[in-house]
Structures are given as structure tokens and as C-alpha cells.
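Participant: Handing you this structure, nothing more for now.
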Amino acid sequence: MGRNQISRRRLLGAAAAAAALPALNACGGDIDPQPETGAPSGGSGGKEKITIFAFLGNRLADMPKAFAQDYMSRHPNVQIDIYEDSNAVGYPKILAAKQTTPDKPLVNMGFFNSQISAQGDLDGTWNTLDYAALSNAASVSDTFRRPNSNGIGIGADQIGIVYNTKNITTAPTTWADLWSDAHKGKVTLFDYWWQVVFMAAKLNGGSLENMEPGWQIWKAKAGNIRTLVTANPEWQQVLSNGTADITSCWNGTGLQFKADGAPVDYVVPAEGAIAVPVYLQTVQGNTPNQQEICVDIVNEMLSPKWCQMWAETAVQTPANSSVSLPGDLAGLPGFRAENVAKLISVDWATVAKQNTAWRARWDSDVKANI
Amino acid sequence: MAARSEARTGMSDRNRPLTIAVLGLGLAYLVAPLVFVVVNSFNDSSYGGWPPPGFSLRWYERLADQDGFLSAALVSLVVAALAALGAVLAGTAAAVSITRFRYPGRRLIESLLLAPLIVPKVAIGLGAFILFLQAGFYGRDGALVALHLVLLLPFAVNIVGGALVRIPPVYEQAARDLGAGPVRAFASATLPQLRRSLLAAYLLCFMISFDEVDATVFVVAPDQVTLPVSMYQYLQKYQDPTLAALSTVLIGATFALVAVVLATAGASATAGLQGGKGRTR
Amino acid sequence: MTDATARLRAGTPRYLLVLPALVPLALVFVGSLVRLADLGLRPFRDGRIGTGVTTDNLRRFAEDPYTWRVLGDTVLLGVVCALVTVVIAYPMALALHRLRSGALRALALFLIFSPLLTSVVVRAYGWNVLLGDGGVINQTLREIGLIDSPLRIMYEFPAVVIAMVHVLLPFAIFPLLGVIAQVPRSALEAAYDLGAGRRQVFWRVTFPLTRHGVVLTWQLCFALTISAFATPALLGGGRVQVLSGLVYTNVGAVDWPMAAVQSYALLVLTLLLVGAVNLAFRITGRHSR
């Protein structure tokens, strides 16, 4: 009877032992970082190794990969590695590396969205760039420059509305459609999609600094949400199989769903879409030599050739104003002049600071009521 | 009398209908979602539209074009093989210690060995990532194996320990009395009876390691992705049924492996998965 | 041979044998938990992790009413999933134990393991096709006229239970098989020889002798459920929130101090519940004796 595999008391003990571990912290002490062994930053006749962080997404790594091949062929002393990961996993790793081994960053530079760029400002993750020293920055407008000079934009995605064209015959025209009774139980959103709260606030006298009107609306209309999704395939599936008819989504992602054959389309609401620039950032902890190469790479990526490739593969508005988009892209709703003029800019520093509080509100006001 | 009880304890050669029915229902439940995955792998629709508008093999062609999966599968196989081996070896030694001896601290050790079961894997992953960075261990293949080994230990200790308590130490004692050293006594008297449980523990550990993604995703360096991690990353990029094709290939390959093992080693090879039946008297 | 070496031979092996397991455990697992505890005591303000030591995170955790709701949901999900798993796994293990054909047994074991061969997102696709609003089950029910509007199974509590139990089954069937195999055949034979029927033998002999294993398996499944985040996230549609899901989002959102506190909260939760079950088991065990 008593000789079963693990006894119940053992399992209890296991939990107790693990729970007691914080106490060890006091006497444990830190493990000292070991001296660098075989440091990648060679210099002793070896190649300089640069790691570029790239978005994990449909064709988002195409440009960095093609660029790396081209750059390495012209600079034999530089080796470029591309590190593709999602923002949710990639940035925490970069930050953890910065905090534990500050002189050995996980990546030397990379592509980061607006929110992560602002988060990085708070964490001191980025190096400042001297815009005057970047020859190609001259054709990059102010909307793609950052007040603190941490990084520079290469393109901009946008967030609007994606809907099921089979189940909704007249295309949605306003952000308010998302919280209208017409779509009760037929809305899907990515988890923690504060953008719809922001738009609800904005349309009802609030702002990024005063989200209260938005929270009130979504608290009352949480029943509109059929499901919150946490992965792109799931998003596409619920939008195409009739589970949900409408969502707020990236332009690039929505068009990708459409290209796969899903019965969906992207529209820009009358109030405008939310602009989400993508920034090239160089990372603190780079050696002077690495930083010099990174700045050179940033400058070359901003050139019309590479900036255009980025815009086309990522389906984004190019930062370099001398890039002209091919016709099939320029005709899309997101790129029409009247819609570009309406793009809504967001103060991402506020977003990064409020992120924790907003997630808590999302939990208690939205999630708790769906 | 004996024959009667033989029959009624279910030890006859006949499979009772109830047995088959219960098992059939349970297995149907296990297989149900996988049937759709397998069918979807032949779905002509790029986003897995259901019912499939047509059937094609293009996701298998696409799978063959992805060079990342093969290397990731190799990494996973090596990591799973080593981690499971390490976990079974270390777990067996630990199981012998805690089941065959009485000493102070034994229960604490037993508890500690089971603790990795309880902490969320994401949290272990983040903690381990920071730890490996500090120790200059990040990105080494050993780091991945070590993490998996620790996550597998509870399962190995559990299964092997469970078998050990059923094997009376008298045989080992007898071998010692006949002059064998402790290692030889264990190897000649206990190990043969433990064989099946060791196989079971190894298989379970291998499968768990091969499937582990929650903690691994934090610890891997860009050039050492495992198969589940690369599947996870593929899903962030594309939504097409290529992963359904990959899953189908994995299921098919495993099935073929099981069939081959059965054909060569005979059914007794899987008897160990029964928890060492036959030694229960 | 001196006294000292004699003592060494007699005493050391028992400790030495644990070392191969304890050393990696101490280095990797305990090390990770210590790093985590360190993070849990760091301040987190305005979206960044500060330096110094604080108990702010504990307060943040305890004062958030939503956390307590999630805690409740987590416990409920853990209790229900573990219960359903054991109820399904036990007869399956028993049937598997009684299965005479080696080939059939191998096939069954292969099928039991097959869920582990697919990624959780791929499995979620299958569940959606089966359980979704326009899924196979709802369409069938509608065609035979049993329902007018689709049953909401997907993205609700039932879907999470169905999918969780599915992945828990291999982990439950295994230990139960071992426990059932431990029931001495002589006990069964004796019961039959004394004229007991099948049903009586099961409830009077087999089940009591495996009861502790059932409780243990339940506890194991409970622990595995409450530390899973992907399945509740993918099939719960935001309605089923579990603590480990919050840990995952907090890791991504750089609120590591909170993620650490929540991880330890999960530990304490398991500790309390497993302890409570042990206590209840001991009390009822005393009564039945």
C-alpha cells in the first residue's frame, strides 16, 4: 500500500522544498559572470561578427537576409548573423542579456516596433544615432525620427480593421463598428489589444493620456468579443470559419491572411489607421568597432534600394521619401494618399509607461466581462 | 479452481469486449483532433479552410523545401536522446539511493527531485536563461541538455523508483553474500528485472523532451533551435498547413518505428510499458 | 583496511548515488529559481525593472482583484481537469493492463503518446474544426435537429477541459498502469475463490489497493494543469484565464518581478492543495479502516 511510485507526501514535500527556495537567495549569492571565452568581437585578424535582430513574420526577414549577403560580399571582414524571433520572446532575451552581461549584448542591432523601441528607451537598451552623420537620413521625414535619437524608422505598418467579406457585405467604415451592437459576439481581438481602447477613448473625448472613456465603452461592450486570440494562425482561423467576423489588425498581417485565400480584407476606418513605425536600433554594449559597422548598416538600409525592398516585403510605408512603391502596393487602402494623410500617430513613450496598468485594466474590465 | 480464477482475473488469452470498448473509446478521444490534423495536411486551402475545398500534396512539398526543420529535428533527437539518457541514469541512481537506503535528508532529496514538475516552465525558462548567461553557458548544446535533463528527472525517478520498490532486495543481498561487489550485485540481480521499466522511463523522457517548448524557447540560441521551437517559430510566420504535414510525418515515422521494433524485438519489448508486470506476486 | 575506509564503503554510496541527479538539479533548477526569486524582489515602476529590494510586487499581486479571480479559475480548472483525467485514465489503464495482445498494446500505447507528437497550436486547429461554432459536432447536431443555434463549446471552459485532459492522459495512464500492475494477483485470485463477483472484486480489492495511486495521479495532473499556459490560452479565448498564462504575458511584457511572484504563487497554491488533499485522504482513510 505504502510503496507506490511517488508518495503523496513526497509531492507535497516537493512543493514545499521549491517554495522554500527564496530563502536560499539570501545565502546563495550571485554567480559571477565568467570572463569572456572566445569572444565574438574578434579583432585579432578575425571577422567582426554582427548579429541583427529581425522580426519573426511572413517575409519580414527577407530584406535583412538579402542585405546581409550583399553587405558581407562587399565587406569580407564582417560576418552578419540574422536572429529571427518574436518581439514577445526576443526582447526579453535581449534585455536579460543586457542586465547580466552588459558588455556582451545578445544582438548588436535590429528591427524593433514602436512599442519595443519605447520600452527599450526606458530600459536603456539603445544607442543614440547621429542623424547628421547618416547620409540617407536626409530623405527620412521627421515622423520616422525619434526625439531622443534612439534609432531611426525604416518603414511603418498600420493598424486598422480586418473583416470577413463573406459574412459582412458592406465594409466597416468606423472604429465604432468594433463596439457596435451590430457585431455583438462576432468580434475577435488579439489579447491585450489596447489600440481599440485607445480609439474608443479618442472617439469619445479621451486620449492616450485619458483612456477612461475607452475603458468604459469596452467594459460595457465586452460581450461583443467572441474570443481573444494569442497566435496568428488562430486569428486567421476564427476570422475565416465564421467564429468571428471583424477584428482590429495590422495591415501587413491582414493582407497576408487575404493572400492565403481567407475571405478577409483590410480597411482603413474613416478616423484613420494607427501608424506603427518600425525602427532600426543599435544596442548598448556594442564595442566602438561594432557600433561603427552597425551605423554603416543602418545608413545603407535606409537607402532607396533596401528601404524599398523592406516596404515591399513587409507591406509597409517606406521611411525614405524617394522610394516609389509599385502600383499594386500603392493602390491598397493603406497606401492611398488620403489614408496616409489620416494616419494617427501615437506617443509610444506613454504606451510603454502605461503598458502594465493597461494590461491590468484589460484583464479586469474587458477579459473579466466577455 | 485455479483455472477459473485465471480466467476471471483477466489473465486469459481472450480480450474481453468491455476491455476493448473502454480502450477504444479512450483512444478515439485521443485520436479525434489528430484525424483533422492529418486530413488538413492534404488540404488544398492555404489557411486550412474546412471542409477542404480540394486535396493536394503541396504542404509536403513545402515541408521538404524548409531546410530548418531537418536540422531542428536532428537537434531535438540528439537533445532528447542525451537528456533522456542522463535523466534515466541519474534518476536510476537516485531512485536506488532513496528506495534502498534510509538516511537523514532522504525525504528532502526525494522532494527536491520532484519539484521541477510544479514550477511553470516559462518561469524556469526565464530563470535558466539568465543563469546560463551569467555562467557563460548560454548557446552551448550542453545547456539545453542540462535543462531538459532536470525537467525529466521527476519522471525518471518516478517510474524507476516505482519499479524498484517492487523488486525485493533479497536477490541482490544473496549476490552480495556470494561475494559480488555492490555494483555487480545490482547489475546481476536487480538490473535484469529493471530492464523494462528503464525502457519505459527512457521512452517517456524522450517524448517529453522531444515535445518541450515552453522553457526551451527562452534558453535556445538562434543557431540551436529544437523541432518544437522551430514549429513555434514557423507558426509566427505562416498559417498554412505545413505543420499539419510535419505532424503527420512525425506520427507516421513513430508508428513505423513502433512497428519495426515490434517486428524485430517482439511484443515483449513493449511489455515494460506495463510497469513490469509479471513480477507482482 | 582502516576503520575510516570501511565506514566510507558502507556509508558513502547512498549519498554518492544521489549526486548525479542532485548536481544538475541544484545547478540548473535551484539556480533558476534563485534568479527568479531575486527578480521577484526587484522594484518595477513605469515599465522598467529597478534595482534594490522591495516587497512591492507581493502587494501588487495581493491587491489586484483580478489576480484572485484568476487564482480561482486556475484552481477550478486544475481540480476539474485532474478529476476528469483520472476518471478516464483509470479504466483505460485497467483495460490496457488486461489487454493480452502485444501488438494491440503497442498500438494503444502509440496512440496514447500521439498527442505529444503534434504542436499545441496544431492540435488546437483540430479542436476548432471539431468543436467550433461551425464545427463538425455543431453541424451534425444541427442537421439532426437537436439544436438551432451552435453550442458554445469552443473558447469556453469545456473546450479547455477537453483539450487539457487530452494532453494529460499519457501522463496519467502511465503511473496508473504501474499502480494497477502492483495489485498482487494472489489477492484477486483469493477474492474470486471466495466467491466474489467481478464488480465486488474491483470495488473491494483492486480499487482500494490502487486508491493511493489514483490520488497521486490526480495530484500530478493538477500540478501539470495549473502550470500549463498554451492550451488554456488557445482554447479558452480569453475567458479562461490561468495564472501561468499571466506569467507568460508578464515575461513578454518585461514585468519579470510580477512573473516571478506569480510563479511562486503557483508553487504555494500547489503546496496548499496537495496538502489539503493529503489531509483529506488520511482522514477518510482512517474512517474506512
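Chains as they are written, first to last, in numbering that gives the first Met the number 0: chain A, 0 to 369; chain B, 0 to 280; chain C, 0 to 288. Note that CB positions come from ideal geometry on N, CA and C, so glycine has one too.
(1) Only counting the same chain, and skipping five residues up and downstream in sequence, which positions put a Cβ closer than 6 Å to that of Q235/A?
(2) On a CA-only basis, which of Q232/B, T225/B and L242/B is nearest S70/B? Give me that one, please.
(3) From the DSSP output, read off the bridge partner residues of F54/B.
(4) By Cβ distance below 7 Å, which residues in the same chain neighbour V69/C in space, the five residues on each side in sequence not counted?
(5) Is there a C-beta anywhere in chain B that falls below 7 Å from the one on A313/A?
(6) Between T99/A and chain B, is there a C-beta pair that is closer than 7 Å?
(7) Do you know whose CA, among G326/A, A329/A, L227/A and V314/A, lies nearest D362/A's CA?
(8) Between W162/C and the rest of its own chain, which residues show a CB-CB distance below 6 Å, the 5 nearest in sequence each way excluded?
(9) Would you list the residues sitting across from M108/A in a DSSP beta bridge?
(10) Roughly how many whole angstroms lie between the Cα atoms of P146/A and D129/A?
(11) Can you tell me the Cα-Cα spacing of Q238/B and E233/A, whole angstroms?
(12) With a threshold of 8 Å on Cβ separation, who are the neighbours of G241/A within its own chain once the five nearest residues in sequence on each side are excluded?
(13) Going by Cα to Cα distance, which pick from G333/A, A200/A and A318/A is closest to S138/A?
(14) CA-CA distance, A279/C and L256/B?
(15) Under 9 Å between beta-carbons, which chain A residues line up against T73/C? List them in chain order, please.
(16) Give the residues of chain B in contact with A222/C, contact being defined as C-beta atoms less than 7 Å apart.
(17) Of all the residues that make up the stretch 339 to 366 of chain A, which are near chain C by a beta-carbon distance shorter than 7 Å?
(18) So, helix, strand or coil for P114/C, using DSSP?
(19) Decide if W217/C is buried, meaning its Cβ has at least 16 other Cβ atoms within 10 Å, or exposed.
(20) Can you find a C-beta in chain A that's less than 7 Å from the C-beta of V218/B?
(21) Check A22/A in the structure and name its three-state DSSP category.
(22) State the Cα-Cα distance for the pair L328/A and E311/A, rounded to the nearest angstrom.
(23) Is there a Cβ of chain B sitting closer than 7 Å to that of G123/A, yes or no?
(24) Whole angstroms are fine: how far does the CA of T124/A sit from the CA of L234/B?
(25) Counting only the same chain and skipping the five closest in sequence on each side, list residues whose C-beta sits under 8 Å from that of N368/A.
(26) For L146/B, which residues in the same chain have their Cβ closer than 6 Å to its Cβ, ignoring the five residues on either side in sequence?
(27) Starting from Q236/A, find everything on chain C with Cβ-Cβ shorter than 8 Å and list it in chain order.
(28) Spell out whether any CB of chain B is found under 7 Å from the CB atom of Y154/C.
(29) Express the C-alpha separation of A81/C and G274/B in angstroms, rounding to a whole number.
(30) Cutting at 8 Å between CB atoms, please list the residues of its own chain near P101/A, excluding the five before and the five after it.
(31) Classify W202/C as buried or exposed, calling it buried when 16 or more other Cβ atoms lie within 10 Å of its own Cβ.
(32) Please identify the residue among A94/B, A214/B and A92/B whose C-alpha is closest to the C-alpha of V144/B.
(33) Under 7 Å, do L121/A and A351/A count as touching if we go by C-beta distance?
(34) Given that a residue counts as buried once 16 or more other Cβ atoms are within 10 Å of its Cβ, and exposed if not, what is F54/B?
(35) Which residues in chain A have a C-beta closer than 9 Å to the C-beta of K236/B? List them in chain order.
(36) Determine the DSSP secondary structure at Q315/A, reduced to helix, strand or coil.
Facilitator: In short:
(1) F256 and A261
(2) T225/B
(3) N42/B
(4) Q240, V241, L242 and L245
(5) no
(6) yes
(7) L227/A
(8) Note on residue identity: the sequence assigns Ala, not Trp, to residue 162/C. The residues are W126, T230 and L234.
(9) I51/A and T281/A
(10) 12 Å
(11) 8 Å
(12) N163 and N166
(13) A318/A
(14) 45 Å
(15) Per Cβ cutoff of 9 Å: no residues; T73/C is ~14 Å from chain A at best.
(16) L116 and I117
(17) A351, K352, N354, T355, R358, A359, D362, S363 and K366
(18) helix
(19) buried
(20) no
(21) Bear in mind that the predicted position of A22/A carries a pLDDT of just 45, short of 50, making it too unreliable to give a figure here.
(22) 8 Å
(23) no
(24) 28 Å
(25) K218, A221 and G222
(26) A127 and V218
(27) Y124 and N127
(28) no
(29) Residue confidence is low: G274/B scores 43 on pLDDT, short of 50, so the model does not pin down where it sits. Its coordinate-derived value is still stated next. If I take the Cα positions, the gap works out to 22 Å.
(30) Q283 and G284
(31) exposed
(32) A214/B
(33) yes
(34) exposed
(35) L55, G56, N57, R58, L59, A60, E83 and N231
(36) coil
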